[in-house]
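Structure first, commentary second.
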Amino acid sequence: HRTVKGETAEQWQYDERGWLTDISHISEGHRVAVHYGYDSKGRLASEHLTVHHPQTNELLWQHETRHAYNAQGLANRCIPDSLPAVEWLTYGSGWLAGMKLGDTPLVDFTRDRLHRETLRSFGRYELTTAYTPAGQLQRQHLNSLQYDRDYTWNDNGELIRISSPRQTRSYSYSTTGRLTGVHTTAANLDIRIPYATDPAGNRLPDPELHPDSTLSMWPDNRIARDAHYLYRYDRHGRLTEKTDLIPEGVIRTDDERTHRYHYDSQHRLVHYTRTQYEEPLVESRYLYDPLGRRVAKRVWRRERDLTGWMSLSRKPQVTWYGWDGDRLTTIQNDRTRIQTIYQPGSFTPLIRVETATGELAKTQRRSLADTLQQSGGEDGGSVVFPPVLVQMLDRLE
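Okay, so the sequence shown: first residue is 535 according to the working numbering, each after it adds one.
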């Protein structure tokens with residue numbers, strides 16, 4: 535275990551083979567743990583995340599991802615939380631040829647002699663890809679014109695143009711390779727955005743919007759202001775406050791909004807507030823697992839209560855996060871569950887699955903009204919409540 539100021543901060547557990555099986559800590563009072571399982575060859579077979587309530591120890595959130603391997607030792611099967619198994623179809627030394635979700639083939643890949651993707655088929659769509667002699671992306675065509683893309687590169691290997699039927703975007707660079715400008719053109723659009731930076735790469739005031747600015751370098755390597763905000767930092771260089779910038783000549787009415795950020799000893803953002811007229815508009819708190827991955831976000835928003843008084847909501851909006859290693863795979867709130875399947879061994883998203891969690895919850899639990907109706911009357915049979923009574927019970931619950 536690891537201690538901070540004499541108190542246990544993290545705990546690790548190992549099996550008889552010396553393999554890490556559990557790691558846990560306390561985040562905002564919640565016990566957050568990650569549990570690992572292995573196959574007989576010591577390869578990671580499962581990762582299970584749990585979050586428990588500070589007072590009741592109730593399980594608030596859990597997320598699990600499981601893995602399997604083929605005879606060559608390649609990870610060819612993944613079972614995301616609450617989804618059918620994902621099977622990777624490969625050839626040779628592991629080149630991806632296709633992907634199945636459960637028993638349904640979803641994506642097929644065609645590759646050239648250098649194993650580069652040239653055709654991707656998914657449903658009725660086909661994406662073709664071509665490359666320059668240097669191996670750079672040259673063209674992509676989806677069988678729908680608005681998704682065509684042509685890419686142009688300079689001799690330094692920098693992307694200088696992306697062209698599509700609807701618009702063209704050009705990029706310019708300094709001699710050191712930093713982006714200095716973006717030019718976007720379309721039928722009724724012509725926008726140039728310059729980017730000026732100091733030697734450390736920090737953005738400087740736009741020379742076109744601020745021609746009188748003489749700033750050439752930010753002191754302490756920290757941006758103090760831009761066109762929208764004023765910034766403050768702590769001694770660790772962490773952003774602690776961001777306030778709306780009132781343009782010169784505008785009478786101050788003290789209606790600017792201020793954002794404040796608070797961190798834990800591991801430099802992780804744990805508390806955020808946004809205020810106006812010194813009144814709270816939004817407050818949020820964040821939970822992390824022992825690996826530093828965010829696992830929950832709780833947000834309280836300003837709203838009007840039954841008495842007409844404006845205050846932060848009593849019940850927060852909660853968002854949960856699930857991970858597979860360093861990849862964020864699940865985002866869930868009380869309305870939707872969004873899951874992302876990435877290409878093997880990369881951070882490139884391949885499939886996105888959205889589920890209405892409200893409908894899912896109805897199949898997993900019964901409301902108070904449902905329970906009372908199904909428990910029945912005196913004769914043991916079920917009863918049907920009038921809609922008004924059902925609404926009253928729902929509000930009570």
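Glycine is no exception: its CB is placed at the ideal position from the N, C-alpha and C atoms. All values derive from a computational prediction rather than experimental measurement.
- With distances taken between CA atoms, Y795 lies nearest to S818 out of S818, L671 and I780.
- With fewer than 16 other CB atoms across the displayed protein chains lying within 10 angstroms of its CB, M751 is exposed.
- Taking 7 angstroms as the cut-off, the Cβ atoms of T599 and E621 do not count as close.
- Judged by DSSP secondary structure, Q674 falls within the beta strand (DSSP E) whose first and last residues are L671 to L676.
- Distance from the CA atom of Y797 to the CA atom of H805, rounded to whole angstroms, is 7 angstroms.
- For S655, the closest of N677, N604 and L635 by C-alpha to C-alpha distance is N677.
- Around the CB of G856, 16 or more other CB atoms lie within 10 Å, so the residue is classed as buried.
- Per DSSP, F881 is not a residue of any beta strand (DSSP E), being assigned neither H nor E.
- Residue R565 holds the alpha-carbon nearest to the alpha-carbon of L583 among T590, V887 and R565.
- Here the C-alpha atom of S627 lies approximately 35 angstroms from the C-alpha atom of W546.
- Annotated as proximal: S706 and T714, with beta-carbon spacing under 7 angstroms.
- In this structure, the alpha-carbon of R683 lies about 11 angstroms from that of L661.
- Classified as buried, P614 has 16 or more neighbouring CB atoms from the shown chains inside 10 Å of its CB.
- I875 counts as buried, since at least 16 other C-beta atoms from the protein chains shown sit within 10 angstroms of its C-beta.
- Residue pairing by DSSP places S845 opposite E837 in a beta bridge.
- For Q701 and D646, the gap between their C-alpha atoms comes out near 30 angstroms.
- Exclusion of the five residues before and after I725 leaves T718 as the residues of its chain whose Cβ lies within less than 6 angstroms of its Cβ.
- The beta carbon of E562 lies closer than 7 angstroms to those of V804, R819 and L821 in the same chain, with the five residues before and after it left out.
- Here R802 has Y822 and G826 as same chain residues with Cβ atoms under 7 angstroms from its own Cβ, once five neighbours each way along the sequence are excluded.
- In the structure shown, the three-state DSSP call for D746 is coil.
- Judged by their CB atoms, W595 and W854 are nearer to each other than the 7 angstroms cut-off.
- Under the three-state reduction of DSSP, Q866 is assigned to strand.
- Residue pairing by DSSP puts E598 in a beta bridge opposite H582.
- In this structure, Y570 lies away from L593, with their beta-carbon atoms at least 7 angstroms apart.
- The closest CA to that of R611, considering only W629, P878, E544 and R791, is found on P878.
- Taking 7 angstroms as the cut-off, the beta carbon of R791 is found closer than this to the beta carbon of Q810.
- Secondary structure in the segment 756-838: the beta strand (DSSP E) runs of 3 residues or longer, each lying completely within the stretch, are 763-767, 773-778, 791-797, 803-810, 813-822 and 828-838 in chain order.
- When the five nearest sequence neighbours on each side are left out, the beta carbons in the same chain lying within less than 7 angstroms of the beta carbon of R832 are those of S818, R819, P850 and V852, in order along the chain.
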